[in-house]
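A.B. asks: Sharing a structure below in structure tokens format, with a few things to ask.
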Amino acid sequence: MRIPALCALPTLVAGTLSVFGHLVPDTDTVISAIVYAWELNSRNISAQAYRLGELNPETAHVLSTLKVDLPPLLEGPLSAKAPVAIVDTNNPAELPVGIEKASIHSIVDHHKLSGLTNAEPLEIDMRPLCSAGSILYARAKSFGLPPPKHIAGLMLAGLLSDSLEFRSPTTTDTDRVFAKELGVLAGLDVSTFATGMLDAKAQIDHLTADELVMMDTKIFKLGGKKIR
């Protein structure tokens, strides 16, 4: 069933949207940028996916397995009024320098509100699911956009990564249903795919002690200071 409110959203955008997630990117944030750019382009909204850092072994494994190209690295501060779309975060401390002056088209996220503001109204899709990949699959269904195999595989990867193969307490029944559907669409055995991802995630011998401690941490403002 398509949701009229979603289908009626305006598609006029000045320039190509830069789509990205958070700094120190994990699997869900990288795949969500790729998937959301696919959705937007499918809706005739010009978009390009980017990453805000180097890939971890799990994400590299996913892209290699699905034969998906690495998104380019977004370098330098954002220019004023730069058209952007954000996935997997709404925390300004986790976003590029200049985000406060950018023109945010939309946010797709599964985290709590974290203080990001914009000068103009924007589309926000936040849902209590375990991953941004889960939300993007729900959106694709609402828009009547059947995901090709590699896109379905990316959505499944984001879901499995953030849920730790359904072990995380943030996993919902909806996520479990979506995983089964995405496995069929991607032509993947969910359990086998998840095992390969978890094996790749366990590769930490390339990390320094500092990188190991800081891995997948979040930045918050507390008492006027940034705390990770």
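Residues -21 to -1, 1 to 207 in mature numbering (1 follows the signal peptide of the UniProt record, and there is no 0) are what the sequence shown spells out, letter by letter.
Positions of the beta carbon are idealized from the N, C-alpha and C atoms, including for glycine.
Note that the structure is predicted; figures quoted are calculated from it, not measured.
1) With DSSP collapsed to three states, give me the class of I83.
2) Can you find at least 3 beta carbon pairs, one from the segment 70 to 83 and one from the segment 161 to 174, that sit closer than 8 Å?
3) Where in the segment 56 to 108 do unbroken runs of the beta strand (DSSP E), each at least 3 residues long, occur, reported from the N-terminal end onward?
4) For E54, which of D104, V76, L(-5) has the nearest alpha-carbon?
5) Does DSSP put R30 in a helix, in a strand, or in coil?
6) Which one or two residues does DSSP pair with V(-3) in a beta bridge?
7) Let me know the secondary structure DSSP gives L138 once reduced to three states.
8) Assuming D154 is part of the alpha helix (DSSP H), what are its boundary residues?
9) With DSSP as the reference, label L52 as helix, strand or coil.
10) Leaving aside the five residues before and after L108 along the sequence, list all residues of the same chain whose C-beta is less than 7 Å from its C-beta, in chain order.
11) Mind the definition here: the segment 57 to 64 touches the segment 31 to 40 only if three or more C-beta pairs lie below 8 Å; say whether that holds.
12) Identify, in the order they occur along the chain, each residue of the same chain with its Cβ nearer than 6 Å to the Cβ of P(-18), setting aside the five sequence neighbours on each side.
13) If you run the structure through DSSP and keep just helix, strand and coil, what is K120?
14) So which of S21, A158, V3 has the shortest CA-CA distance to Y29?
C.D. replies: Based on what the coordinates show:
1) Looking at I83 - three-state DSSP - the assignment turns out to be strand.
2) No, they do not touch.
3) Listed in chain order, the beta strand (DSSP E) runs fully inside the segment 56 to 108 are 62 to 66, 82 to 88, 102 to 105, counting runs of at least 3 residues.
4) The closest CA to that of E54, considering only D104, V76, L(-5), is found on V76.
5) Assigned with DSSP and collapsed to three states, R30 falls in strand.
6) Answer is A28, A64.
7) Helix.
8) Run containing D154: 152 to 165, per the alpha helix (DSSP H) assignment.
9) Strand, per DSSP.
10) Excluding residues up to 5 positions away in sequence, H89, I114, T151, T153, D154 lie with their Cβ nearer than 7 Å to the Cβ of L108 in the same chain.
11) No, because fewer than three Cβ pairs between the segment 57 to 64 and the segment 31 to 40 fall closer than 8 Å, the two stretches do not touch.
12) Residue confidence for P(-18) is low, a pLDDT of 43 falling below 50, so the modelled location carries little weight and cannot support an answer.
13) Reduced to three states, the DSSP call for K120 is helix.
14) Relative to the Cα of Y29, the nearest Cα in the group S21, A158, V3 belongs to V3.
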